[in-house]
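One structure below.
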Amino acid sequence: MTFHDSTEDVNKRAYSVWVSEIMLQQTQVVTVIDYYNRWMKKWPTVQDLARADIEEVNQVWSGLGYYSRARRLHEAANKVVHKLKGQLPRSATDLHQHLPGVGRYTASAVASISFKEPVGVVDGNVVRVLSRLRAIGANSDDPQVVDTFWQLSDKLVSPDQPGDFNQGLMELGATVCTPKSPACSSCPLQNICHAYKMKMKNEQLTGNTLLQQTKKDDIVDIECGMYTLLITQGVWIVVVLFIFGCFGLGVTNFPRKSKKKPPREQTSAVFIIRQNTAEEPQFLMNQRPKTGLLAGLWEFPTFDVSEVENNKTLFSKLEDFGLQASLLGKRLKIGDVIHIFSHIHQTYCVEVIDYTSKSTSDHCPVGTAVVQWMTAKELQTSAISTAMRKLPKKPSTKHKIAEDERQTKRQRSLMDSFFKSS
Numbered sequence: 001m002t003f004h005d006s007t008e009d010v011n012k013r014a015y016s017v018w019v020s021e022i023m024l025q026q027t028q029v030v031t032v033i034d035y036y037n038r039w040m041k042k043w044p045t046v047q048d049l050a051r052a053d054i055e056e057v058n059q060v061w062s063g064l065g066y067y068s069r070a071r072r073l074h075e076a077a078n079k080v081v082h083k084l085k086g087q088l089p090r091s092a093t094d095l096h097q098h099l100p101g102v103g104r105y106t107a108s109a110v111a112s113i114s115f116k117e118p119v120g121v122v123d124g125n126v127v128r129v130l131s132r133l134r135a136i137g138a139n140s141d142d143p144q145v146v147d148t149f150w151q152l153s154d155k156l157v158s159p160d161q162p163g164d165f166n167q168g169l170m171e172l173g174a175t176v177c178t179p180k181s182p183a184c185s186s187c188p189l190q191n192i193c194h195a196y197k198m199k200m201k202n203e204q205l206t207g208n209t210l211l212q213q214t215k216k217d218d219i220v221d222i223e224c225g226m227y228t229l230l231i232t233q234g235v236w237i238v239v240v241l242f243i244f245g246c247f248g249l250g251v252t253n254f255p256r257k258s259k260k261k262p263p264r265e266q267t268s269a270v271f272i273i274r275q276n277t278a279e280e281p282q283f284l285m286n287q288r289p290k291t292g293l294l295a296g297l298w299e300f301p302t303f304d305v306s307e308v309e310n311n312k313t314l315f316s317k318l319e320d321f322g323l324q325a326s327l328l329g330k331r332l333k334i335g336d337v338i339h340i341f342s343h344i345h346q347t348y349c350v351e352v353i354d355y356t357s358k359s360t361s362d363h364c365p366v367g368t369a370v371v372q373w374m375t376a377k378e379l380q381t382s383a384i385s386t387a388m389r390k391l392p393k394k395p396s397t398k399h400k401i402a403e404d405e406r407q408t409k410r411q412r413s414l415m416d417s418f419f420k421s422s
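Under the working numbering, the first residue of the sequence shown is numbered 1, with each subsequent residue one higher.
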């Protein structure tokens, strides 16, 4: 599903489609809607986005995840304005070639929807529909197989209404030809779907043919999808030519994907440094590097657990943030918070330390670190990752071991209290 402005300004419409498609990468539609509306209200044109500060962009994107998408949108907007005369490229090839963060799918979606270029699109929904239509049992993650899907999509796309066709195909995969429990009975492509035909043929075979006694010395070849059944001398011999076939799950056998590697385990120590000022408590935040995971976002001081096992090493590291070790209080353990990234199973071991200084500065760069004191309200509106936003919430143990109820309530109360104004 794609959201776009109804304006006749083609460039503005292309910009809105581009933004929506980037947001929809790895994110559900229901989550994107609010972010998209707020984004377009704040930056309705590519020129508006190019004028924005990256910190402001990160704030609006905060909570949506995969933050490199926001950075590349901003980078690409600046390129459009300053190097492409404010006009988005009109073809999928040029969009893919000239705009940072625009892959083959996004380029084709923008070109077909906004500029009516007759090019197909391939996303997870389209792969599922095409693999079932053609009963493609090869690994759908294989580069050569992916190229096959692109070729099929380009051949099928409507030359007159490519955008509508592509959106319709994606919608079919999202609502009818779903990964589990597909609604085959209501699918408009049922009559030409090879996977569905295999399923029906399987039901006929298992319901009738396999229950019949075969005469001795009869030799019958029955081809069913990717299986061959040989009947000889009253004995069935099933030759498995491929993993898929008539005796599996039918339609949901397609597409086939390689097994994903489990996310790696990673444990970090997070320190909530709280300073009670005359007005309200403030919390020390550190800005992450401009590149890498969660680039440019703010977080509580975070270290590898092995680096801060004792106070001496911890306080030494906190001094790099401009703090005085003599003003740091005792370490109070709050609990563990778990966050799952696409490739990392992250456990945050959260501790709180009070800081007794009565003066703060908004920005105080020390070495390569950039730090800032923030109030609880400022934490809610700043560019902070979803993982860091979990910290004020109920902590969970790494292995979900049953804990004493009073201890659990105490931890929750401690966690919540640190983010309330005094």
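Beta carbons: idealized from backbone N, C-alpha and C, even for Gly. In this text, all values refer to a predicted model and were calculated from it rather than measured experimentally.
### Alpha-carbon to alpha-carbon, T106 and T252
Along the sequence shown, one-based indexing puts residue 252 at 252. Along the sequence shown, one-based indexing puts residue 106 at 106. In this structure, the CA atom of T252 is about 27 Å from the CA atom of T106.
* Asked: Looking at the unbroken beta strand (DSSP E) that takes in D354, where does it start and where does it end?
  -> Position 354 of the sequence shown, counted from the start, is the residue given in the question as residue 354. For D354, the uninterrupted beta strand (DSSP E) run begins and ends at I344 to Y355, by DSSP.
**Message:** Rounding to the nearest angstrom, what Cα-Cα distance links L284 and L323 in this structure?
**Reply:** Locating residue 284 in the sequence shown gives position 284, where the first residue counts as 1. Locating residue 323 in the sequence shown gives position 323, where the first residue counts as 1. If I take the Cα positions, the gap works out to 10 Å.
- prompt: Can you tell which of R90, Y348 and N286 has the C-alpha that lies nearest to the C-alpha of S382?
  reply: Along the sequence shown, one-based indexing puts residue 382 at 382. With distances taken between Cα atoms, S382 lies closest to N286.
Are there three or more Cβ pairs, one per stretch, closer than 8 Å when the region 267-284 is compared with the region 302-309? They touch, by the three-pair rule.
ask   = Would you call the region 169-183 and the region 121-137 in contact, with 3 or more CB pairs under 8 Å?
value = Judged by Cβ distances under 8 Å, the region 169-183 makes contact with the region 121-137, as three or more pairs qualify.
Which value, in whole angstroms, describes the spacing of the CA atoms of Y348 and I338?
As a first step, residue 348 must be located in the sequence shown, where it is residue number 348. As a first step, residue 338 must be located in the sequence shown, where it is residue number 338. Distance from the CA atom of Y348 to the CA atom of I338, rounded to whole angstroms, is 6 Å.
Beta-carbon within less than 6 Å of P263's beta-carbon, same chain only, minus the 5 sequence neighbours each way: which residues are those? Sequence index remark: in the sequence shown, residue 263 carries index 263 (1-based). Scanning its chain for C-beta atoms nearer than 6 Å, with the 5 sequence neighbours on each side dropped, one finds around P263 the residues H343, I344 and H345, in chain order.
message: Given this structure, state the Cα-to-Cα distance separating W61 from T45, to the nearest angstrom.
response: Position 61 of the sequence shown holds residue 61. Position 45 of the sequence shown holds residue 45. Straight across, the Cα-Cα distance linking W61 with T45 is about 17 Å.
What would DSSP say about R90, mapped onto helix, strand or coil? As a first step, residue 90 must be located in the sequence shown, where it is residue number 90. If DSSP states are grouped into helix, strand and coil, R90 belongs with coil.
_By alpha-carbon positions, which one of E280, K317 and S108 ends up nearest to T375?_
Residue 375 sits at position 375 when you count from the first residue of the sequence shown. When only C-alpha atoms are compared, the closest one is E280.
By how many angstroms is the C-alpha of T386 removed from the C-alpha of K330?
Within the sequence shown, the letter at position 330 stands for residue 330. Within the sequence shown, the letter at position 386 stands for residue 386. If you draw a straight line from the Cα of K330 to the Cα of T386, it comes to about 27 Å.
Legend entry - Beta-carbon proximity list for R274, same chain, < 7 Å, skipping 5 on both sides: Locating residue 274 in the sequence shown gives position 274, where the first residue counts as 1. P281, F283, V352, D354, Y355 and F418.
_Measuring straight from C-alpha to C-alpha, what distance separates Q47 and F149?_
Within the sequence shown, residue 47 is the residue found at index 47, counting from 1. Within the sequence shown, residue 149 is the residue found at index 149, counting from 1. Going by C-alpha positions, Q47 is about 35 Å away from F149.
- Message: Please classify V157 as buried or exposed, where buried requires at least 16 other C-beta atoms within 10 Å of its C-beta.
- Response: As a working mapping, residue 157 is identified with position 157 in the sequence shown. Buried is the label assigned to V157, since at least 16 other Cβ atoms lie within 10 Å of its Cβ.
Margin query: Rounding to the nearest angstrom, what Cα-Cα distance links I69 and A295 in this structure?
Written below: By 1-based counting over the sequence shown, the position of residue 69 is 69. By 1-based counting over the sequence shown, the position of residue 295 is 295. According to the sequence as given, residue 69 is Arg; it is not Ile. When only Cα atoms are considered, R69 and A295 end up about 11 Å apart.
Let me confirm a value: K12 is counted as buried when at least 16 other C-beta atoms fall within 10 Å, else exposed. Which label applies?
Translated into the one-based positions of the sequence shown, residue 12 becomes position 12. By the 10 Å Cβ count, K12 comes out buried.
Just to confirm, is the Cβ distance from V57 to H74 under 9 Å? In the sequence shown, residue 57 corresponds to position 57, counting from 1. In the sequence shown, residue 74 corresponds to position 74, counting from 1. Yes; because the gap between Cβ atoms is below 9 Å, this pair is in contact.
So, does the region 160-179 touch the region 112-120, judging by three or more C-beta pairs under 8 Å? Contact between the region 160-179 and the region 112-120 is present, because at least three Cβ pairs lie under 8 Å.
Close-in-space but distant-in-sequence residues of the same chain around T31 (CB under 8 Å, 5 per side omitted)
Position 31 of the sequence shown, counted from the start, is the residue given in the question as residue 31. For T31, where only same-chain residues beyond five positions count, the Cβ hits under 8 Å are L64.
task: Within 10 angstroms of the Cβ of L423, are there 16 or more other Cβ atoms? Answer buried if so, exposed if not.
output: Outside the modelled stretch of the chain, which goes from 1 to 422, sits residue 423, for which no answer is possible.
(message) Between which residues of its own chain and W43 is the CB-CB distance below 7 Å, once the five residues before and five after are set aside?
(response) Locating residue 43 in the sequence shown gives position 43, counting from the first residue. Once the five neighbours on either side are set aside, the close Cβ partners of W43 are L49 and A52.
query = What are the residues that DSSP puts in a beta bridge with L328?
reply = Along the sequence shown, one-based indexing puts residue 328 at 328. Partner(s): Y355.
In the structure shown, what three-state DSSP assignment does L284 receive?
Working through the sequence shown from its first residue, we reach residue 284 at position 284. Secondary structure of L284 (DSSP, three-state): strand.
Review point. Which residue comes first and which comes last in the beta strand (DSSP E) that contains T302?
Key: To locate residue 302, count along the sequence shown from 1; it is residue 302. Start and end: T302 to D304.
Can you give, in chain order, each stretch of the alpha helix (DSSP H) that sits fully within the region 132-165 and has at least 4 residues? For the region 132-165, whole alpha helix (DSSP H) runs of length 4 or above, ordered along the chain, are 143-156.
Handout entry: Extent of the continuous alpha helix (DSSP H) to which F315 belongs
Key = The sequence position of residue 315 within the sequence shown is 315, counting from 1. Unbroken alpha helix (DSSP H) run through F315: N311 to E319.
- Message: Assuming the contact rule is C-beta atoms closer than 8 Å, Y66 and Q28 should be a hit. Round their C-beta distance to whole Å, please.
- Response: The count along the sequence shown starts at 1 and reaches residue 66 at position 66. The count along the sequence shown starts at 1 and reaches residue 28 at position 28. Distance from Y66 to Q28 at the Cβ level is roughly 13 Å; contact not present, criterion being Cβ atoms closer than 8 Å.
Smallest Cα separation from K259: which of A111, M40, S140 and H194?
Here the question's residue 259 lines up with position 259 in the sequence shown. Distances from the CA of K259 to each of A111, M40, S140 and H194 were compared; the closest alpha carbon is that of S140.
- Taking the alpha carbon of P143 as the point to measure from, which residue in N166, V80 and K257 has its own alpha carbon closest? Within the sequence shown, numbered from 1, the residue matching residue 143 stands at position 143. Nearest C-alpha to P143: K257.
Hey, quick one: how far does the beta strand (DSSP E) through V270 stretch, first residue to last? Your numbering for residue 270 matches position 270 in the sequence shown. Note, V270: beta strand (DSSP E), R264 to N276.
> Going by other Cβ atoms of all chains shown within 10 Å of its Cβ, with 16 needed for buried, is Q372 buried or exposed?
Replying inline: Locating residue 372 in the sequence shown gives position 372, counting from the first residue. By the neighbour-count rule (16 or more Cβ atoms within 10 Å), Q372 is buried.
Would you call I22 buried or exposed, if buried means 16 or more other Cβ atoms sit within 10 Å of its Cβ? As a position in the sequence shown, residue 22 is number 22, starting the count at 1. It is buried - the Cβ of I22 has at least 16 other Cβ atoms within 10 Å.
- request: Measure how close the beta-carbons of N166 and S112 come, nearest whole angstrom, since I'm counting them as under 8 Å.
  value: Residue mapping note: residue 166 aligns to position 166 of the sequence shown, counting from 1. Residue mapping note: residue 112 aligns to position 112 of the sequence shown, counting from 1. Contact holds; Cβ gap of about 5 Å.
* DSSP bridge partner residues for I340 (one or two, in chain order) -> Residue mapping note: residue 340 aligns to position 340 of the sequence shown, counting from 1. Paired residue(s): H345.
Is the beta carbon of L88 closer than 9 Å to that of Y15? As a first step, residue 15 is located in the sequence shown; it is residue number 15 there, counting from the start. As a first step, residue 88 is located in the sequence shown; it is residue number 88 there, counting from the start. Yes, the Cβ-Cβ distance between Y15 and L88 is below 9 Å.
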